[in-house]
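Undergrad: The sequence shown begins at 385 in our numbering and counts up by one.
From the three backbone atoms N, C-alpha and C, an ideal C-beta is built for every residue, glycine too.
Note that the structure is a prediction, hence the values are computed from the model and not measured.
Just passing along the structure, written as structure tokens.
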Amino acid sequence: MSGESRNGGPGPRRCRRRRSAPTMTWRAAPMPSLEGGIVAAIETSGLSKRYRRTWALSEVDLTVHAGGITALVGPNGAGKSTLLKLCVGFERPTAGSLRVWGLDPTRDRAGAVASVGYVPQDPSLYRELTVEEHLGFAASLRPRFDAEHARSRLRRLQIPLSAPATDLSGGQQAQVSLAIALGTRAPVLLLDEPLANLDPLARREFLTVLGEAVRVDGVTAVLASHVVAEVEPVCDRLLVLGQGRVLLHETVGQSLAHHRVAPEGAVDAPGLVALFPDRAGAFHALVRASADAPATRPATMEEIVMGYLSAGRAVPTPGAPGEAAAAVAVAS
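And the structure:
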């Protein structure tokens with residue numbers, strides 16, 4: 385009996401009649417190193433991707449060190465999904481170079497795929513297959529797949545392994561997708577806005593499991609979102625993308641220490657990054673912290689992101705209709 389994907393397309397046969405695994409040579413990826421012994425999970429240089437006349441990414445230079453959770457933040461269309469798809473090997477770059485765990489996905493796709501676990505926004509589950517059958521199907525495609533590791537996480541969440549995907553809630557489906565990604569035992573985990581369609585409780589449970597995997601298993605995670613508040617409690621590093629470019633990449637501690645909010649109207653403040661509106665429509669100045677900056681208080685992570693996303697645009701006129709609503713959309 386054939387399965388059917390959530391999108392209505394043909395799915396794999398049920399796991400008691402599995403398809404044979406693809407003829408790929410799977411191997412453990414070597415651990416990449418940088419100067420000083422720091423391990424790089426992702427490295428890019430001049431990475432660019434164009435779709436017809438539109439540049440989704442433009443000259444991205446980036447190093448994501450191994451360990452922890454990097455929050456990949458930006459509005460819709462910023463290039464977040466494109467960057468992750470390039471890292472997984474779903475897309476090929478137009479220009480520049482990319483290495484994931486020391487491997488180039490365009491030249492060593494098998495090795496790069498073995499180094500990456502991927503969680504899409506919409507779980508790629510087949511409606512008629514049970515959870516256990518999904519684990520079996522994953523094992524048929526990834527010979528190193530640790531099904532018991534995935535099962536143990538799902539049992540702890542009380543997700544029935546015998547249930548078909550169609551009977552699971554959105555939060556449970558997201559947890560199955562995450563468990564499958566973790567079952568690959570890949571050192572790098574890429575998550576493309578997996579929280580977008582989850583309710584607050586399911587979102588919290590998802591982040592708890594992700595945080596545990598990073599802490600206990602040593603996974604390096606890149607978590608994409610356009611909502612700062614979603615990722616702020618769990619992330620170690622902050623990567624802000626806007627219009628296909630890296631606007632900011634620092635540890636959360638560095639970002640919070642390096643930025644302050646100056647009084648309204650401080651348009652000539654030293655180290656000015658941008659003017660940005662708060663939710664009430666009042667405009668503030670985000671500045672790089674310095675001894676002579678007229679800063680009154682530390683900036684929040686949301687304000688830092690808002691400031692850098694605003695920096696590439698024309699400075700808005702305080703009180704202009706629609707400006708505040710449009711600017712705070714990324715944080716709401």
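What number of angstroms, rounded off, separates the C-alpha of M408 from the C-alpha of A494?
TA: Here M408 scores only 33 on pLDDT, less than 50, and its place in the model should not be relied on; the value that follows carries that caveat. Going from the Cα of M408 to the Cα of A494 covers about 6 Å.
Undergrad: Note down the Cα distance separating L623 from A534, rounded to an integer number of angstroms.
TA: Cα to Cα, L623 sits roughly 29 Å from A534.
Undergrad: Any idea what DSSP makes of P682, helix, strand or coil?
TA: Three-state DSSP puts P682 in a strand.
Undergrad: Under 7 Å between the Cβ atoms of V484 and A450?
TA: Their beta carbons are not under 7 Å apart, which means V484 does not touch A450 by this criterion.
Undergrad: Alpha carbon to alpha carbon, how far is L574 from V500?
TA: When rounded, the distance between both Cα atoms is 7 Å.
Undergrad: DSSP on E427, reduced to helix/strand/coil?
TA: Residue state, collapsed to three classes: strand.
Undergrad: What is the rounded straight-line gap between the Cα of G520 and the Cα of A658?
TA: Answer to the nearest angstrom: the Cα atoms are 51 Å apart.
Undergrad: Should T568 go down as buried or exposed, given a rule of 16 or more other Cβ atoms within 10 Å for buried?
TA: It is buried - the Cβ of T568 has at least 16 other Cβ atoms within 10 Å.
Undergrad: Nearest-angstrom Cα distance between A412 and L579?
TA: Note on A412: pLDDT 41, under 50, position unreliable in the model; no value is reported.
Undergrad: Classify V600 as buried or exposed, calling it buried when 16 or more other Cβ atoms lie within 10 Å of its own Cβ.
TA: When all chains shown are included, V600 counts as exposed.
Undergrad: Taking the beta carbon of F474 as the centre, do at least 16 other beta carbons fall within 10 Å, making it buried, or is it exposed?
TA: Looking at its Cβ environment, which holds fewer than 16 other Cβ atoms inside 10 Å, F474 is exposed.
Undergrad: If you draw a straight line from the C-alpha of Q542 to the C-alpha of P504, how long is it?
TA: Taking the straight line from one Cα to the other gives about 22 Å.
Undergrad: Are A683 and L693 close, meaning C-beta to C-beta below 7 Å?
TA: No, the Cβ-Cβ distance between A683 and L693 is not below 7 Å.
Undergrad: Can you list, in chain order, the residues of its chain whose CB lies under 6 Å from that of E329, leaving out five sequence neighbours each side?
TA: Limits of the chain in this structure are 385 at one end and 716 at the other, which puts residue 329 out of reach.
Undergrad: Does the separation of the CB atoms of A496 and L487 fall below 7 Å?
TA: Yes; because the gap between Cβ atoms is below 7 Å, this pair is in contact.
Undergrad: Relative to the alpha-carbon of A570, which residue among Q559, R539, K469, G602 has its alpha-carbon at the smallest distance?
TA: Minimum Cα distance to A570 is reached at G602.
Undergrad: Taking the alpha carbon of R644 as the reference point, which residue from G458, F660, L538 has its own alpha carbon closest?
TA: For the residues G458, F660, L538, the minimum Cα distance to R644 belongs to F660.
Undergrad: Do you know offhand how far T550's Cα is from F667's?
TA: Whole-angstrom Cα-Cα distance: 47 Å.
Undergrad: Straight-line CA distance for V515 to R663?
TA: Their Cα atoms are separated by approximately 42 Å.
Undergrad: What are the partner residues of T550, as DSSP defines its beta bridges?
TA: None; T550 has no bridge partner.
Undergrad: Should V630 and V689 be called a contact, given that it needs their Cβ atoms to be closer than 7 Å?
TA: No; because the gap between Cβ atoms is not below 7 Å, this pair is not in contact.
Undergrad: Does S432 come out as helix, strand or coil in the three-state DSSP assignment?
TA: Three-state result, S432: strand.
Undergrad: Just the C-alpha distance for A695 and V636, rounded to the nearest angstrom, thanks.
TA: When rounded, the distance between both Cα atoms is 19 Å.
Undergrad: Judging by CA-CA distance, which residue of A563, Q556, K464 is the nearest neighbour of L594?
TA: L594 has its Cα closest to that of A563, out of A563, Q556, K464.
Undergrad: Assuming S609 and A455 are in contact, meaning their beta carbons sit under 8 Å apart, how far apart are those beta carbons, in whole angstroms?
TA: Right, their Cβ atoms sit about 7 Å apart.
Undergrad: Among the residues of its own chain, which have a CB less than 6 Å from the CB of D576, if the five just before and after it don't count?
TA: Taken in chain order, the residues that qualify are S465, L468, P504, Q505, A608.
Undergrad: Could you check what DSSP says for V603 in three-state terms: helix, strand or coil?
TA: Coil, per DSSP.
Undergrad: Residue range of the alpha helix (DSSP H) that R528 falls in?
TA: First-last for R528: undefined, no H or E at that position.
Undergrad: Assuming H642 is part of the alpha helix (DSSP H), what are its boundary residues?
TA: It spans 636 to 642 - the alpha helix (DSSP H) in which H642 sits, taken as one unbroken run.
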